[in-house]
Every structure is written in C-alpha cells, then in structure tokens.
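Heads up, the final residue of the sequence shown is numbered 942 in the UniProt record's numbering, and it's a clean run with no missing numbers.
Beta carbons: idealized from backbone N, C-alpha and C, even for Gly.
See structure below.
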Amino acid sequence: MAAAGSASWQPQEEGLKEICGLLEQQISPSSSADKSQIWQQLQHYSQFPDFNNYLAFILARAEISVSMLLDKLRTAVRFHVGKSVEIRQAAGLLLKNNLRTAYKMMSPAHQQYIKSELLPCLGAADKHIRSTVGTIISVVVQLGGILGWPELLQAFINCLDSNDLNHMEGAMDALSKICEDIPQVLDSDVPGLAERPINIFLPRLFQFFQSPHASLRKLSLGSVNQYIMLMPSALYASVDKYLHGLFGLANDPAAEVRKLVCAAFVQLIEVRPSVLEPHMKNVIEYMLQVNKDTDDEVALEACEFWSAYCDAQLPPEILREYLPRLIPILLSNMAYADDDESLAEAEEDESLPDRDQDLKPRFHTSRFHGSEDAEDDDDDSFNVWNLRKCSAAALDVLSNVFGDEILPTLMPIIQAKLAATGDEAWKDREAAVLALGAVGEGCINGLYPHLSEIVAFLIPLLDDKFPLIRSISCWTLSRFSKYIVQDSGHQKGYEQFDAALMGLLRRILDTNKRVQEAACSAFATLEEEAAEELAPRLEVILQHLMCAFGKYQRRNLRIVYDAIGTLADAVGGELNQPVYLEILMPPLIAKWHQVPNSDKDLFPLLECFTSIAQALGTGFTQFAQPVFQRCINIIQTQQLAKVLINDFYFSSNQQFSTFFSTCAAATLFALNNVDPVSAGVQYDKEFIVCSLDLLSGLTEGLGSGIESLVSQSNLRDLLLQCCMDDASDVRQSAFALLGDLARVCPVHLHPRLSEFLDIAAKQLNTPKLKETISVANNACWAIGELAIKVRQEISPIVMTVISCLVPILQHAEGLNKSLVENSAITLGRLAWVCPDLVSPHMEHFMQSWCIALSMIRDDIEKEDAFRGLCAMVRANPSGALSSLVFMCKAIASWHEIRSEELHNEVCQVLHGYKQMLRNGAWDQCMSALEPPVKDKLSKYQV
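Here it is in structure tokens:
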C-alpha cells in the first residue's frame, strides 16, 4: 500500500482493486466467498497506516474510480446497477468503525487527508453516501472536537446557505448527528470564534422549519429538539421563535415531522413546563388532535404527553376540562391494532416449543439485607412499547391524579364496550377489561362499593373463547387482589376470594402460552396479598402449579418457578407438611438433576429453591446436602473459569497453582486432564450470585443445622474469594451470606476472620460508595453480625469501621435508607462489644447517630444498638451531653422495649443524666422536647 503521509497521498491501483473486491464480496448476498475470511483480511489491512485513507478515497472519489475498477473486474464477477454506491457505503461504514478505535493514534497527516476527503461529500448526489459521511463526521468531531477541524463549521455554513438541496441535506444530516451524539460541543466556546457554534446555527435551523423540503424540516427540528434538555442560552432567548416554529409545523404533511413536534412538547413539559404554561390550552388541543393521528407513531408520541403532564405536577385544573374528550380517545387507542405482534403470539399453542428469541433476558437481584429491597424487574421493558400500552399507562396515571372524577366519563364507555356482542367486537371488549384494570388502583374508592360485581363479571371472562380476553382478565383481576383478600374475612367475601383463586388456577392450566403467562403472574400477585390465607387451599394450589410445571415450555416455566417461590414466601412454615412436600418436591428434584450446571435455566430453579429452603426451615434438612454441595461445585467451577479467562493460567503460574490447591473443581479437572473451557464451562457471574443466595436461604432456613455441611466443605475459602470479586453483585451476595453464616456458625469463619473483616471494612471506605451502595449495605450488616458473635476479637478494625460509618450517618440525605439504618445498628453493636474503644469519640457522632436510631423500627437489631448506646454512656457520660435532646428522641422512638434488661439499662441512663444535670439543666433539656416525646419518656419514670 502507499506509504505517503500528506494531503497529496494517492492510492495504488492494485491496493484499491484488492480492497474494492473484498468489499464487494463482503456485501454481495450471492457471493460464495467465506465472509469471516474476508472480514479477517480487511482487519489485517487495517494494520497498514494508510488503509483508512484508501477507505476514505473509495467513499469520496470512487464514483468514477470504482466504476472503472468494476469494468476491469466484470470478467470475474457480475455487477448490477448501483453496486458502486454500495461499495462506497461499505467503505464508509468500515472507515467509521476503524476511526472509533484508531483515530487518535493516526498521524496528523492521515487525519487531515480523511477530513479533506469527507467535506466535499457533504453534497454527494446519493443520499446514502451523504448519510454515511454525516455519521463519520460526527465520529471525528466526537474524537477530535470542533477545534481539531476548523474548516468544518464554515463548510456547514456554506452548504446550508447554498440553496442546493443535496448540499443542504448533507450538511443538515451531519449537523443533526452531532446534535444527537454530542450536543454540548456546539454549545461551547471555540477559540477564534466570536460566538458559540449553536448561536450561528440556531437561526438557520429555525429558517429550515419553513423549508418546502420535508427532509430539511425533519432534520432541523430534530436537531433543535436535542437541546431541550441542555437549554443553552441561545435557545432560551429564542424560545418564543421555537414555539412559533413548532405550532407552524403542527399539521405538517410529513408524519415524521408531526412526530417530532409531539416529542418537542413532551420534552418541554418534562424539563421546562414553565415555557409551555402560557400556551398550555393550545398545546392540549393539539395533542388531543394528534392522539387520533392516522400514523400510529405520531399518535404514540402524542400519547406520551398525558403522563408527562401529570408527572410534571402541573395544576390538574387545566387538564380537567379536557378529560371528557381525552378518555374516549385513550380507550379507542387501547384496542389491539391489526398489526400488533401480540395477535400472532396469542395463537401459539402450549405444544409449540419456545424459540431462543422467545426467552426474555432475565436478571437475578442479589440478596439485600435491609428495608429497601430492589424493585422487581418490569417484564414490559422487553416488550414493544406501542400506542395500546401507552394509552393504558396514561389512563393509569390520570386515575391516580384525578381519582374517581374520571369514572362518570369512563364507566359508560367501558360498559358499552363490554356489552358489545359478536366475535368481531372482541378487541373492544378486551380494551374495556384493560381499562378497568388500568384504573383499578387510582379509582378504587369509587369502584370498591362495586367490587363484588366487578369480580363476578371478570371471573366468567377467564373462560372466554378469545385467549387475549382470558389473559387480560387475569391481569385485571390481579389489580384488585389486595381488596379481594381484604374482603375475605366474611362468608361472601371468602367465596369471592375462592372463586378468583380457582379461576386463576384454571387458567394456569390453559392450553395457550399467553394465557398461562398472564395467569401465573396474576396468581403470584394474589399470593403476595393473601399470604397465610392460602393455607387452607395449599394442596389444590400445589397440584395446579406442579401440573403446570410438568407441561409448560421453557419461557413460562420460569414464571411457574416464580409462582412456587412466591407461594413459599407467602405461606412460610405451613408448607412444611408431608402431604405438601410429596406434591412439591419430587418434580423439582427431578428438574434439579436434569438441568446441567452450565444451563441458565438453572437460575430460576436456584431462586425457587432459595424461597423453599427459607419457608421449610429445618424441614428442608432432608434435601439440604445435595443442594448445598451443588452450590459449592457451581461456585468453584465458575471461579476457576474466571481465572482461566483472566489469563492467570498463562501469566501467573504461582497464583494459578495457589488457587488450584484450594479448589476441588480445579483438582478434578486436573486429575482428569480436562480443560474447563473446552469442557463447556463458560464464566457467568450469575451462577455464582444465585448459588450464594441459595446458600444464604439454606443458612437462614436450617439455622445451626447448616454447621455440619459448612464444616465439611471449603465454603469459607470460596466465600472469601467472592467477597473480593470485582463484580459488585457477587460481593453483595457474598457479604449477605457472610452475615447469615456469622449468625449461626461463626466458629467456621474464625480461621480467616481478620481477612473477612478487612475486606468488609474496605467496602465502606470507597470513593464510589453510591455506585456500590448495596455492597456497602450488606458488608456493614455482616460486620455487625460478626461483632456480636466474636466480641473483643473485632477490636482491630473497630475504629476503621467507625471512621467509615460516621460520614454515612452525617450525610444521610440522599443515601439508601437501609445503609443508614445498618450503619447506625453496626455502630451500636461495635460500641456494645468495644465501648472503651468507641466511647472516647462519641461526641463526634452522637447527634447524627441518634437521629438515625430514631428512624429504625423496633426489633432485635435495634435492641443491640441501644445496648451499645448504654455501654458508651456508662463509659463516657459526658460524651453525650451536647446531644442529650437527640438521645431522648431516639429513646422515645421505641413503641416498646421487649427486653426487660435493656429497658432497665435505658432507665438507668436517663436517671443518671437527671441526677447529673442539676440547677434546672434537666428541666431545660426536657422543655426542648415535643409533648409526644415527653409522654413516651414518662414510662421510664423521668
């Protein structure tokens, strides 16, 4: 290839021919060449310094050059019209990808050559070439900035002002991509320019709003919309002109432009609602109009406005008058569109095997100790968002803002749609059931008196001939679960609850996959609400769930696991009866043996076993040993796979050998001369996380009964490795297990206690605390659990931990509530076991600590913390004097201290201060307390 390095660089014909030939074969669907080999050859050429120059040349100048080369190649390959453009575009896309990784390492001369070739292409005759060039220009600006390409802005201006459509479109396309990818670049000072680039371009963008060409209207509006979030001063100063332009485009003949107008109003109401307030009635009128647009994408964008309006907490009065017009539009849009993908899915019979693409990604949530568990995954995040779902979401939000006010408009429409007969009206009936579910929470006060009629109406719909009516009826029924359960205390209410439960169980055994999924999810919701109310029906519930377990395909099987796990969480120890275990456990154990350790279908099974182990408690003992051992095997196999991936095998024999000696799985591989990678063991941290969480469930369920299993395993060493893992979710689950083990068998942690404590303390002392807050939370909790078991042996790290906990308590605003609570409890536990170490420093943290203690609910952990408070006060009474009011408020936060011993200690503390503070000082302290606090302190006779 040519070795030149200046703007006078020229390609060699042989190199040009070779690259064009490879690109042609790469893009040709009829080529018999091995595409992977061609790709490797192109990657090989990428190592040459001027390879990207060739690509730029082909993209920019090959309209003639490629045609000439193609003429020479025609004897070997047949080309069709337009092949030249396709090769040029392929060269451009390859150039873009190469520049992302190589641009900053290229010589300035080669950078300059590529830039000089790109600019003339802004006005290329072919729009695909212009688009590719725009993408590359945006990448170059991302990597080199505006300052690194001084000619670019003037080239844009020349093209925009040229009145030549190709040049205007090309510049606008490139500019729009810069606005989308790196908008802040144009709103920055550029040395040599009198004003920021955005000030130069904004008037031209507004001018293009009135262009006769739809492409320019779309690109200019899309570019300005990118600045709504940033709102540079130039746009803020021109906001009236912007709004005038939006209203001018409101009825644009191009759907893409109308969609962008809607998007602008939605974004403005989200981030700058004050800008729209003077024009709100006009905006609402427009949104009502386009919410009925014949183009579904425009209607969808318009529909987003209603939720955004409510979320912006604007005065509801403005929107209220439009509700009688808005609600019918939303209901109309909630009917299935003819091209909705769900219509095809709804026809899938249970006998049809799931395809890999049918299986949604699943994410296990690591174990978390505290009051703010992570929220459940929203399955809808993996579904296509469409006008139907957006309309239902808008109705849901409106019902939460306006409540029962919307029912007089809504219910007659629902009733009319439900009354529609005939197969052709099934979509209207389905939409009515969806609407009923959407308002089930927000309008519950108005609907509650009619709950029995609603449930009585929904239950027959569970048996409707149309699968999508059956599935939506399951969901809507689940939206009323809480109230159905509340009413089950009297005979009629219990009959209603039982009818709903049995109706959902029938649908769990539906032959339609979509209905199975909806029924299982709805039943899991009912389980959570009903809890112990399910006990009398446990046998029939288990029979249905295990029947489903035997017939479901892979995708829905995951939901059955969840329903079984939720049932175990709901009924707890009620499950621990032989008649129930005989139904539940044999199919699960069979599946346990069937699914290999490398199969991701193991994840939901591990999660299911975790809930069952916790529910059964010591009743799980008969199943514990093989479950425990498999978790150990999975963790050590995965840890070994990770070591191999990290190239320890090649780069650090000493480390690898050390790990080998402690890892039974590695020894097994070595003895059998098996390479874990070739044996199919691929590292996936979720296997470790799920296994750690199941071990935690076992520990919680079996209690001290886990000790024999731990003593005969290498869990301690594996757990230490996991506590040091670079993946935060692995560490999070590891510290949860550490705390659980500390509770029931701390003796087995003892040989490596100092290492566990050091690593746990480090989780609290990190500049990235907010990014790994769940890890810090669990590590903090584990330190507290260890402290009350090993007592004085924790003293070497006490002050290190205290120095980390105090800043958390002093800056609690904005931090996870559970981390603050655990920090307060662990500080108290450390003070309880090592008061002599902690008490000299108590005046530095007493106030913020007591504030945190006063927010914690009554439980054993709070008792431990107050034992620490009493121990510190005994050791250093003067240390709490300046925070006495806060300490009194913390003591008053107890509803009842159940421990008589602790109650007496708290009494002694208060009486001690009352005696210490003479000459009216105690009365002065009491006068600073609110009456309810003083009332609660009276039980301590002060």
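Quick one: what's got a C-beta closer than 8 Å to residue i's C-beta in the same chain, skipping five residues either side?
{"i": "residue 155", "result": "119, 122, 171"}
{"i": "residue 293", "result": "255, 258, 299, 302"}
{"i": "residue 320", "result": "402, 405"}
{"i": "residue 219", "result": "169, 172, 173, 175, 176, 208"}
CA-CA distance, residue i and residue j?
{"i": "residue 169", "j": "residue 237", "result": "27 Å"}
{"i": "residue 187", "j": "residue 232", "result": "7 Å"}
{"i": "residue 396", "j": "residue 255", "result": "27 Å"}
{"i": "residue 706", "j": "residue 625", "result": "9 Å"}
{"i": "residue 432", "j": "residue 322", "result": "21 Å"}
{"i": "residue 503", "j": "residue 313", "result": "40 Å"}
{"i": "residue 47", "j": "residue 98", "result": "10 Å"}
{"i": "residue 443", "j": "residue 856", "result": "33 Å"}
{"i": "residue 920", "j": "residue 927", "result": "10 Å"}
{"i": "residue 621", "j": "residue 702", "result": "7 Å"}
{"i": "residue 150", "j": "residue 331", "result": "54 Å"}
{"i": "residue 967", "j": "residue 871", "result": "Here the chain covers residues 1 to 942 and nothing more, so residue 967 does not appear."}
{"i": "residue 27", "j": "residue 90", "result": "8 Å"}
{"i": "residue 268", "j": "residue 392", "result": "22 Å"}
{"i": "residue 480", "j": "residue 450", "result": "12 Å"}
{"i": "residue 191", "j": "residue 262", "result": "37 Å"}
{"i": "residue 550", "j": "residue 265", "result": "51 Å"}
{"i": "residue 649", "j": "residue 641", "result": "Reliability fails at residue 649, whose pLDDT of 40 lies under 50, so the model's placement of it is uncertain and no value is given."}
{"i": "residue 591", "j": "residue 688", "result": "19 Å"}
{"i": "residue 711", "j": "residue 826", "result": "27 Å"}
{"i": "residue 12", "j": "residue 18", "result": "10 Å"}
{"i": "residue 698", "j": "residue 582", "result": "20 Å"}
{"i": "residue 816", "j": "residue 777", "result": "9 Å"}
{"i": "residue 837", "j": "residue 633", "result": "42 Å"}
{"i": "residue 37", "j": "residue 384", "result": "36 Å"}
{"i": "residue 929", "j": "residue 863", "result": "23 Å"}
{"i": "residue 308", "j": "residue 317", "result": "15 Å"}
{"i": "residue 184", "j": "residue 230", "result": "8 Å"}
{"i": "residue 377", "j": "residue 167", "result": "Low confidence applies here, because residue 377 scores a pLDDT of 39, under 50, leaving its location unreliable and the question unanswered by this model."}
Report buried or exposed for residue i, applying the criterion of at least 16 other Cβ atoms within 10 angstroms of its Cβ.
{"i": "residue 791", "result": "exposed"}
{"i": "residue 39", "result": "exposed"}
{"i": "residue 726", "result": "exposed"}
{"i": "residue 1026", "result": "The question about residue 1026 has no answer, for the chain in this structure spans 1 to 942."}
{"i": "residue 485", "result": "buried"}
{"i": "residue 363", "result": "In this predicted model, residue 363 has a pLDDT of only 46, less than 50, meaning its place in the structure is not dependable; the value taken from the coordinates is given anyway. That one is exposed."}
{"i": "residue 909", "result": "buried"}
{"i": "residue 453", "result": "exposed"}
{"i": "residue 163", "result": "exposed"}
{"i": "residue 747", "result": "exposed"}
To the nearest whole angstrom, what separates the beta carbons of residue i and residue j, a pair I think is in contact under 8 Å?
{"i": "residue 399", "j": "residue 439", "result": "4 Å"}
{"i": "residue 797", "j": "residue 758", "result": "7 Å"}
{"i": "residue 514", "j": "residue 250", "result": "About 39 Å; that fails the 8 Å criterion."}
{"i": "residue 890", "j": "residue 853", "result": "4 Å"}
{"i": "residue 822", "j": "residue 849", "result": "That pair is no contact at about 13 Å."}
{"i": "residue 470", "j": "residue 462", "result": "6 Å"}
{"i": "residue 779", "j": "residue 764", "result": "6 Å"}
Can you name, in chain order, every residue of its own chain whose Cβ lies under 6 Å from the Cβ of residue i, other than the five neighbours on each side?
{"i": "residue 785", "result": "739, 742, 743"}
{"i": "residue 631", "result": "691, 694, 695"}
{"i": "residue 685", "result": "727, 730"}
{"i": "residue 892", "result": "933, 936, 937"}
Excluding the 5 residues preceding and the 5 following residue i in the sequence, name in chain order all residues of the same chain whose CB lies nearer than 7 Å to its CB.
{"i": "residue 67", "result": "Low local confidence applies: a pLDDT of 48 at residue 67 is under 50, so the model's placement there is unreliable, with the coordinate-based value given in what follows. Cβ neighbours of residue 67 beyond the five flanking positions: 84."}
{"i": "residue 8", "result": "none"}
{"i": "residue 584", "result": "542, 546"}
{"i": "residue 1002", "result": "Since the displayed the chain opens at 1 and closes at 942, residue 1002 lies outside it and no answer follows."}
{"i": "residue 407", "result": "443, 446"}
Looking at the C-beta of residue i, does it have a partner C-beta in chain B at a distance below 7 Å?
{"i": "residue 513", "result": "Annotation note: the requested chain B is absent from the structure, which comprises a single protein chain."}
Exercise for the section: Tell me the start and end of each unbroken alpha helix (DSSP H) in the segment 708–767 that is at least 4 residues and wholly inside, in chain order. Expected result: 715–723, 728–744, 753–764
Problem - Continuous alpha helix (DSSP H) assignments of at least 4 residues falling wholly in the segment 599–654 - result: 602–616, 621–645, 648–651
Handout entry: Runs of alpha helix (DSSP H) wholly within the segment 443–467 (minimum 4 residues, chain order)
Key = 444–447, 451–461
Exercise for the section: Report the residue ranges of all alpha helix (DSSP H) runs contained in full by the segment 460–519; include only those spanning at least 4 residues, in chain order. Expected result: 467–479, 481–486, 491–508
Problem - alpha helix (DSSP H) segments (min. 4 residues) lying fully within the segment 176–229 - result: 197–208, 214–225
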